[in-house]
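Beneath this line is the structure, given in structure tokens, with notes to follow.
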Ligand SMILES: Cc1cc2nc3c(=O)[nH]c(=O)nc-3n(C[C@H](O)[C@H](O)[C@H](O)COP(=O)(O)OP(=O)(O)OC[C@H]3O[C@@H](n4cnc5c(N)ncnc54)[C@H](O)[C@@H]3O)c2cc1C
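Numbering (the UniProt record's numbering), first residue to last: 1 to 493.
Next up, the structure:
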């Protein structure tokens with residue numbers, strides 16, 4: 001694992017704190033005088049099992065922390081929900097005072113700053129209960145994939161986790177959830193949810209499934225946080241204990257040939273195999289082994305859900321594509337296999353962009369190699385292509401809202417920086433503009449990879465969902481959140 005948090009400049013931390021301390025107390029302008037607001041806040045705090053914080057109070061900054069240090073949360077109130085009752089009380093409070101509600105689960109992709117809102121954090125409400133006989137797990141609040149994996153592995157089972165096991169399980173599933181191991185064999189993680197518990201804008205706790213509130217159930221699977229606070233979900237688990245998975249790091253000097261070999265090879269793979277490739281500038285940190293420390297590399301990722309021998313035979317063309325710096329592909333317990341992307345673990349300031357690609361003709365790969373290959377000192381941290389297809393293309397057993405079915409490739413890039421973040425953002429923009437000629441004409445993209453700018457722009461959200469899907473989601477939103485209380489997210493408007 002990288003520990004890119006070392007890249008965070010102290011200056012950024014300081015900047016975040018300064019913004020918090022000058023912030024007005026919890027939207028007092030909207031809810032009455034500051035004095036009466038404080039009385040109301042104390043009443044709410046007394047009702048809760050968990051803590052609540054106002055800006056400037058000890059504990060507020062920690063409660064508002066997220067993975068991206070560039071966008072610190074600055075809510076009017078932060079409620080650390082310890083029970084479903086706390087979530088309901090916080091939502092009712094927000095409703096009474098006409099405040100927006102923001103939700104932090106695992107904190108891995110906040111597209112807003114939650115300014116003036118009631119932030120509900122779910123770390124204290126984070127539990128996993130596995131039913132080995134039914135092969136299901138009940139996952140609550142802010143539980144992260146690593147907790148689900150730990151609980152499931154005790155029963156010889158595994159969940160459809162994503163590339164980072166510190167991501168919140170519910171946040172991931174609400175955006176579909178593309179697993180680098182289970183994706184092509186079994187589809188999106190949201191295809192394997194059997195029910196959600198959700199507190200809607202009226203403060204009511206509802207259990208929704210294919211048989212109970214089916215429209216809301218369909219909207220939640222791909223519609224992100226638009227409909228309420230999801231306090232629990234039940235998911236299917238798979239009888240998997242070990243997997244053939246890992247990566248091959250090639251030198252950046254081989255960018256062009258590796259990208260072409262990967263494109264041709266990925267097209268031949270059966271559905272049991274899932275792969276992605278990333279051109280990376282790795283940080284010069286001790287946690288990385290010597291050939292990777294500070295290196296420019298092309299990182300092939302590969303997983304095969306089936307007999308290891310078959311998976312290794314399929315891998316042979318890529319092992320021959322170029323001399324490897326490091327090859328970690330081997331059969332491993334699911335917990336180890338699950339982190340095959342080696343995503344950075346610690347919080348960091350970064351910019352990101354995403355695009356769905358319809359194909360990767362030679363010209364597209366040449367453009368990528370020109371912009372990211374040898375001799376290009378562009379310090380973009382990681383630029384990745386995920387090959388989709390397989391079961392990710394098929395509709396689920398019950399209707400849903402995932403907008404990326406049928407999309408051949410997901411393109412994603414992020415840049416970690418300090419004072420140079422604006423410049424890095426402009427470089428990402430140039431790279432993504434250069435790849436636009438190969439963008440998916442239907443504008444499909446994986447919801448979970450939208451950058452804050454993309455997620456907050458109603459027009460791009462409408463394009464990503466497509467008019468029909470968007471209007472259907474909007475109808476559900478109007479029914480369950482008529483005043484757009486949940487607008488600190490990928491907001492349907
Ligand atoms: C390093 C990294 C790797 C990733 N890898 C993958 C991957 O392989 N596949 C993939 O599909 N995605 C991936 N993602 C994207 C990730 O799934 C999303 O960012 C997801 O939203 C993170 O959930 P969270 O709870 O950690 O984030 P948070 O920042 O807490 O939540 C993000 C948003 O989700 C909504 N939300 C979260 N929890 C709830 C809830 N309980 N109720 C209502 N709304 C909620 C809210 O709108 C919130 O604003 C990755 C992200 C990162 C940073």
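By construction, the Cβ of each residue, glycine as well, lies at the ideal position given by its N, Cα and C atoms.
This structure is a prediction, so every number in the text was calculated from the model and none was measured.
Nearest to residue i by CA position, among the options, is which residue?
| i | options | result |
| --- | --- | --- |
| residue 389 | 442, 326, 438, 269 | 269 |
| residue 426 | 261, 352, 107, 211 | 352 |
| residue 163 | 65, 183, 469, 117 | 183 |
| residue 508 | 397, 239, 376, 399 | Outside the shown range of the chain (1 to 493) lies residue 508, about which nothing can therefore be said. |
| residue 393 | 330, 167, 188, 79 | 188 |
| residue 143 | 180, 424, 126, 40 | 126 |
| residue 345 | 107, 201, 479 | 107 |
| residue 262 | 201, 384, 45 | 384 |
| residue 440 | 465, 419, 418, 62 | 465 |
| residue 235 | 174, 416, 101 | 174 |
| residue 408 | 442, 196, 68, 295 | 442 |
| residue 68 | 348, 103, 296 | 348 |
| residue 290 | 308, 249, 310 | 249 |
| residue 323 | 296, 254, 294, 273 | 254 |
| residue 66 | 103, 37, 271, 38 | 103 |
| residue 449 | 386, 204, 305, 241 | 386 |
| residue 211 | 476, 438, 195, 416 | 195 |
Distance check for residue j and residue i, CA to CA, integer angstroms please.
| i | j | result |
| --- | --- | --- |
| residue 341 | residue 299 | 8 Å |
| residue 337 | residue 92 | 42 Å |
| residue 275 | residue 161 | 15 Å |
| residue 58 | residue 128 | 30 Å |
| residue 29 | residue 355 | Because the pLDDT of residue 29 is 35, which lies under 50, any placement of that residue in the model is unreliable, and the number read from its coordinates should be weighed accordingly. In a straight line, the C-alpha of residue 29 is about 39 Å away from that of residue 355. |
| residue 412 | residue 365 | 15 Å |
| residue 47 | residue 487 | 25 Å |
| residue 490 | residue 111 | 7 Å |
| residue 283 | residue 45 | 43 Å |
| residue 40 | residue 382 | 46 Å |
| residue 363 | residue 266 | 18 Å |
| residue 154 | residue 146 | 13 Å |
| residue 83 | residue 220 | 21 Å |
| residue 88 | residue 226 | 16 Å |
| residue 316 | residue 391 | 24 Å |
| residue 229 | residue 251 | 45 Å |
| residue 399 | residue 286 | 47 Å |
| residue 358 | residue 420 | 32 Å |
| residue 368 | residue 168 | 31 Å |
| residue 101 | residue 224 | 14 Å |
| residue 53 | residue 329 | 46 Å |
| residue 217 | residue 176 | 13 Å |
| residue 185 | residue 247 | 19 Å |
| residue 198 | residue 61 | 27 Å |
| residue 86 | residue 478 | 24 Å |
| residue 25 | residue 308 | Note that residue 25 scores 36 on pLDDT, short of 50, meaning its location in the model is unreliable and no value can be drawn from it. |
| residue 158 | residue 42 | 43 Å |
| residue 457 | residue 310 | 45 Å |
| residue 292 | residue 152 | 32 Å |
| residue 79 | residue 98 | 16 Å |
| residue 131 | residue 241 | 16 Å |
| residue 23 | residue 141 | Low confidence applies to residue 23: its pLDDT is 31, below 50, so where it sits in the model is not reliable enough to give any reading. |
Under the criterion of a Cβ to heavy atom distance below 8 Å, does residue i qualify as lining ligand 1?
| i | result |
| --- | --- |
| residue 84 | no |
| residue 168 | yes |
| residue 255 | no |
| residue 102 | yes |
| residue 297 | no |
| residue 481 | no |
| residue 93 | no |
| residue 231 | yes |
| residue 363 | no |
| residue 490 | yes |
| residue 192 | no |
| residue 163 | yes |
On the DSSP bridge list, what partners appear for residue i?
| i | result |
| --- | --- |
| residue 232 | 140, 197 |
| residue 410 | 356, 386 |
| residue 302 | 246, 275 |
| residue 329 | DSSP output for residue 329 lists no bridge partner at all. |
| residue 251 | 297 |
| residue 170 | For residue 170, which the question treats as bridged, DSSP gives no partner whatsoever. |
| residue 348 | 68 |
| residue 131 | 136 |
| residue 280 | 297, 382 |
| residue 121 | 80, 104 |
Unbroken alpha helix (DSSP H) runs of length 4 or more, entirely within the region 184–225: which are they?
214–220
Please give me, in chain order, every unbroken run of the alpha helix (DSSP H) with length at least 4 that falls completely inside the region 53–106.
60–63, 84–96
Would you mind listing the alpha helix (DSSP H) stretches within the region 446–474 that are 4+ residues and don't spill past its ends, in chain order?
452–456, 458–465
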